[in-house]
Each structure stands twice: as C-alpha cells, then as structure tokens.
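These notes are about the structure you will find just below.
Number of protein chains: 2
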Amino acid sequence: MPHILDGKKIAQKLKDQLKIEIEGIKIKCNLVPGLAVIQVGNVAASSVYVKAKTKAAKEVGINVIDHHLEESINQNDLINLINQLNNNDDVNGILVQLPLPKSINEEVVLNSIEPKKDADGFHPLNVGKLSINQKNDESLMIPCTPYGCLLLLRELNINLAGKNAVVIGRSNIVGKPMAQLLLKESCTVTTVHSKTINIESICKKADILIAAIGKPEFVNKDWVKKGAIVIDVGINRIKINEEKSKLVGDVLFSEVENIVYAISPVPGGVGPMTIACLLRNTTIAFKNSNKI
Amino acid sequence: MPHILDGKKIAQKLKDQLKIEIEGIKIKCNLVPGLAVIQVGNVAASSVYVKAKTKAAKEVGINVIDHHLEESINQNDLINLINQLNNNDDVNGILVQLPLPKSINEEVVLNSIEPKKDADGFHPLNVGKLSINQKNDESLMIPCTPYGCLLLLRELNINLAGKNAVVIGRSNIVGKPMAQLLLKESCTVTTVHSKTINIESICKKADILIAAIGKPEFVNKDWVKKGAIVIDVGINRIKINEEKSKLVGDVLFSEVENIVYAISPVPGGVGPMTIACLLRNTTIAFKNSNKI
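So the protein sequences, as listed, match chains D and P.
For the working numbering, add 2 to where a residue sits in the first sequence, where the first one is 1.
For the working numbering, add 2 to where a residue sits in the second sequence, where the first one is 1.
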C-alpha cells in the first residue's frame, strides 16, 4: 500500500503550530498578523478560494481585512488601494486573488505589493531571494503551492539529497519555484514542459514527480516509476454526467497509486497545504517586520 | 570537424554593435554609459579581470570610473562608496569584483547596489525578474557568464526548443541563471551537481551540456553524447611543469572535441563573452535609466 500524503492532516498540523505561535505573539506584543485579501469581480472559483483562505486565516488568529471590489475597478484604483495597504502597519500580508479581469495588468499589480507584504511570494525580489538563498528558508516569502509540496515531501522523512526530481510545468507560480526548492534540497532537478521531447520517458525515471500541468488525469502509470513519490498539483473539475462533476488532479490516481511509494490525492493533497503556507507567509511577514 | 565556438570573435561582434549603439547615444544625448569598477585588495586573478573589463569597456566607448580600494577597507566604507555611486547620475553600472576579503559580507555588499545599476545581474530583484520574465530579455540585467553562454549557443542558429540541456553546477553566478535562460528558450533543463547520482549518464544524454564545475578537465568523452553541443565555463590554471602553467576548462577538450557537434574552447570561449555581456548590461542600464 502506498503512503497517501494527507494534505488536510499535514496542513492542520502546520495551522496548529501557527495558531500557537500567533497566540504567543499576541501575549508578547499585543498584536496579531494581519492579512488583506483582495478579490476583484465574482469568478466562482476565486470566491471559493478566498472563502477558504479567509476561514483558515481566522482559525489561526490572523486578522483578515477583506476587500471585495467591483469587476469594473480600474487598474490605478486597485494600485492605490494596494499602496494604502502597503503603508498600513496593521497589514502584514497582501493577497490579490488571481485571475484579475483582462483589462488589468496582473504583473504590474503584483509588483506594486511591497515585497515584505507579498503573502503569495510572487514579487520578483522574493523570487530572486528564493533562488539565491542556499539553506535557510525560515524568513523567506515562498510561493505557497510549491512550498506546500515540499512540506508534503518532508513529511515522508526521507533524505531528498541526490533524488532525481522531475517537475512537469514551468509556471512562475508552481513549476519554477518548485524546481528552486528541490534544488535547495540537493535533488537533481529536471523541468519538463509542453516543448519537451519524450516527456513520458523522462518522467518515468523520476524518484520524485511533481505534476503541475493543468490537464485532468494526464499522468498515467506509463509516466511513473515503480516506487516513485508523486505530488499532484492539479485541481481540475470534470463532468461525471449532466448534473454532477468532480475534482481530479493531473494524475490518474486510481492507476498510479498502485505502483508508487507515496502519492498526494486530489482533493485533500496540495490544496490545503497551499492555504496553510499562505498563513505561514503572513506570519513570517509579521515577524520580519516586527523583528521577532 | 566540430564547430569551435570562437568566443573572442563573437564577443567582438557584440562589442562592435555596442560601440555603434554608444556612438549613436552620444550623438543623440551627449552622454555615454558609465561603469564604476570596484576592486578591493590585490588578488592577482581579480587584477587581470578588472584590467580586461576596463579595457573592453573603454574600447566600446563606456566611461570607466575605477575604484581600487585597500584590502583593509571596512564593509561600511565600501557600502558608503556604493551608495555614492548609486546616487551618481554619471554611473549607470556598478561592478564589484569578487571575491571580497573575508572580513566583508559579499551578499550584503552586492545587495547594496541599486538593482538598476547592478551590472553583474546578481541582485535578487534582477534574479527574480530573469526567472519571471518569459520572453523578452532586451531590458533585463542578466548574469554575464550564463548570458554569454546563451549567445554562443544562439550563434549556431539552431532551434533550441525541446533540446535536452544539462547544466553541471548550481551556483548563483552561473548554474542557476543558466538553467533559467535555457528554460526560457524552451529547452528541457536538468541541473546536476555534487549530490547528483549517476551524473555521467545524465550528462551523456544531453543535447546541450554546460560545464560549470570548476574542476580542470573533469568532463571527458564518457560524459558527452555524440553530436552534443558543449559549453565550457571553467577557467582553471594548471601546472605543466615547475615553471609553466596553462589555462584549461572543465572539459577535456582534446578528447571531447572529436565527438561533438560544437564546443567552446578555453581560453577564448566563454571568457570573452562574459566581458562583452558586462558591457551589454551597462549599456542596457543606461538605456533603462534614460528611457531610450
């Protein structure tokens, strides 16, 4: 039987630790970390994520400041709001839920967030620090999804150094920072993507396979080495019939689970870890700015 | 016969282009790019590099401001100098020749350089921008050695997309930015290093092999696929006898040249490209700050 990496449980453990830490901060400083959550418009998936993030933040004692804006807001007004939040000492982390309406330039908006308040870890300064920093990740703002994947891997208590890790996908949000994190752990790291030739055979050699493609159940058993560890970043909604749908990952779980050493399920794998890591970043931002 | 990637010639071509561009800038703005070169102490290799960089900069019409400081300078005085240069409009690029004396924290010093004047492309903000930016590299400050390697590859006029690229080494100065640049070119990119298992067999599968290990003639023909492209970043001085020494790369050229499609020699390969790319960065810094 494979290890099923229970993201819900592991995220809860991290949230429990953060809760205790934040209670300690409150006693010591009479302050708690504050997270501003900005949602523009009413994309259904965004509303689900924002709700889940807000709920989790409150659970651990983070003060959430919600900004739900009209879809019609213009870019300058959005940036003005971010500037206010940049200058507000009660706000330690700022999260802009993506995607933004097409009339708004996401990169410009994300870059307007003060790097020290960049709860998602997407600002180029934080991206650069993650790449350069060799060892310590304690004070870094790290993109939540790949860091969540790393925490799942660490839960297995195996030595990651020298492992052959393959990351499928090269997005700024997952693939690239994932590769940096695995390199820091001294894995041999390969990034494969849409232009890769023989992608299956490269994946088949991976000791650790991270699937972040965004294609439902794309990775089947022919892609996976016996005894590998598979982390599934995908969250895809597929129709079962006219009325019902379900969430599946990028990995064909039912097939792959039989040959792996460990695998993360969807839902209940990477998803909860992403949220927990957002709370971690917010707490780190608080500690960095208050020099705790 | 393999293609020998003549770095001296290709660097000269880039310098000729920069010279013309800078002449144009001078006519248009009555200004030329300025590069401040800081050397601390008298490490022999550093003196050689500083001399070569200064000479090349002057050749293309860049104004060089030399700061040769005593080995005993303290970190604060060095940072004060950098701050002055940060605020000096005649200075577009600042280069701190490494290594610095052990009493000085290199990271702190490098991070004190204004990112827009960071001629070496080592500041985390520039590292992050390089990682995030998908296509255009025209306005980016990119670490000089890996960018020089990429320009050598481009000289072959082959389609890099889908090529299996292996980078040996994971330094901040070469290996990591090299991997980012090759990923941008849509290569499948693997980074191998001291902890990698079966490093030889991984390298043997590479269509493009970048050697940045710092071990003289370490990569022999058993590491290299027939028809591969090999870029040798190493510059190692080895003794021939009691009196004589010579420069060799990380690749055993005499053996490997017989099986490859193309290879860069040492000296005369990556080295001149590194210097030319420093001049490129300085010119880009000038154009960015003057909005040309």
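Backbone N, C-alpha and C define an ideal beta-carbon position, used for all residues, glycine too.
Since we're looking at a predicted model, the values are computed, not measured.
Beta-carbon neighbours of residue i, restricted to chain D and to distances below 8 angstroms
i, result
"P/Lys-119", "By Cβ distance, chain D contributes nothing, its closest Cβ being about 16 angstroms from P/Lys-119, past 8 angstroms."
Coarse secondary structure for residue i, derived from DSSP in three states
i, result
"D/Ser-173", "coil"
"D/Gly-130", "helix"
"D/Thr-193", "strand"
"D/Asp-8", "coil"
"P/Met-83", "It is Leu, not Met, that sits at residue 83 of chain P in the sequence shown. Note: P/Leu-83 maps to helix in three-state DSSP."
"P/Asp-234", "strand"
"P/Asp-18", "helix"
"P/Thr-198", "coil"
"D/Pro-148", "helix"
"D/Val-110", "helix"
"P/Ile-160", "coil"
"P/Glu-61", "helix"
"D/Val-45", "coil"
"P/Val-34", "coil"
"D/Gly-270", "coil"
"D/Pro-179", "helix"
"P/Val-226", "coil"
"D/Leu-281", "helix"
"D/Asn-135", "coil"
"P/Ser-291", "helix"
"P/Leu-142", "coil"
Which residues DSSP lists as bridging residue i, in chain order
i, result
"P/Val-253", "P/Val-221"
"D/Ser-247", "D/Lys-241"
"P/His-69", "P/Ile-40"
"P/Val-98", "P/Ile-40"
"P/Val-168", "P/Thr-192, P/Leu-211"
"D/Ala-264", "D/His-5, D/Ile-231"
"P/Asp-120", "P/Ile-96"
Alpha-carbon to alpha-carbon, residue j and residue i
i, j, result
"D/Val-45", "D/Asn-78", "21 angstroms"
"P/Pro-274", "P/Ala-13", "6 angstroms"
"P/Ile-2", "D/Lys-17", "Any answer about residue 2 of chain P is impossible in this case: the structure gives chain P only from 3 up to 294."
"P/Leu-254", "P/Gly-236", "11 angstroms"
"P/Lys-228", "D/Lys-207", "22 angstroms"
"D/Lys-119", "D/Cys-189", "30 angstroms"
"D/Lys-28", "P/Val-62", "60 angstroms"
"P/Ile-294", "D/Ile-64", "46 angstroms"
"P/Ile-106", "D/His-125", "28 angstroms"
"P/Lys-104", "P/Ile-81", "15 angstroms"
"P/Asn-295", "P/Glu-259", "Nothing in the structure corresponds to residue 295 of chain P, since chain P is present only between 3 and 294."
"P/Gly-26", "D/Ile-160", "59 angstroms"
"P/Val-272", "P/His-5", "15 angstroms"
"D/Val-110", "D/Leu-102", "11 angstroms"
"P/Val-221", "P/Leu-154", "19 angstroms"
"D/Leu-142", "D/Gly-164", "24 angstroms"
"P/Thr-147", "P/Thr-276", "5 angstroms"
"D/Lys-178", "D/Leu-211", "14 angstroms"
"D/Ala-214", "D/Asp-234", "7 angstroms"
"D/Gln-315", "P/Ser-291", "For residue 315 of chain D there is no data in the structure shown, the boundaries of chain D being 3 and 294."
"P/Ile-199", "D/Asp-139", "25 angstroms"
"P/Ile-286", "D/Ala-230", "46 angstroms"
"P/Leu-152", "P/Gln-99", "22 angstroms"
"D/Cys-279", "D/Gly-150", "6 angstroms"
"D/Leu-338", "D/Met-3", "Only positions 3 to 294 of chain D appear in this structure, which leaves residue 338 of chain D out of reach."
"D/Ile-40", "D/Asp-68", "6 angstroms"
"D/Glu-219", "D/Asp-252", "4 angstroms"
Interface residues of chain D facing residue i [CB-CB closer than 9 angstroms]
i, result
"P/Thr-190", "Thr-192, Thr-193, Val-194, His-195, Lys-197, Thr-198, Ile-199, Asn-200, Ile-201, Ile-204"
Residue i: contacting residues in chain P (beta-carbon distance under 7 angstroms)
i, result
"D/Ile-316", "No answer is possible for residue 316 of chain D: it lies beyond the span of chain D, which begins at 3 and ends at 294."
Counting only Cβ-Cβ distances shorter than 7 angstroms, please list the residues of the region 154 to 186 of chain P near chain D, keeping chain order.
Ala-163, Gly-164, Arg-172, Asn-174, Lys-178, Leu-185
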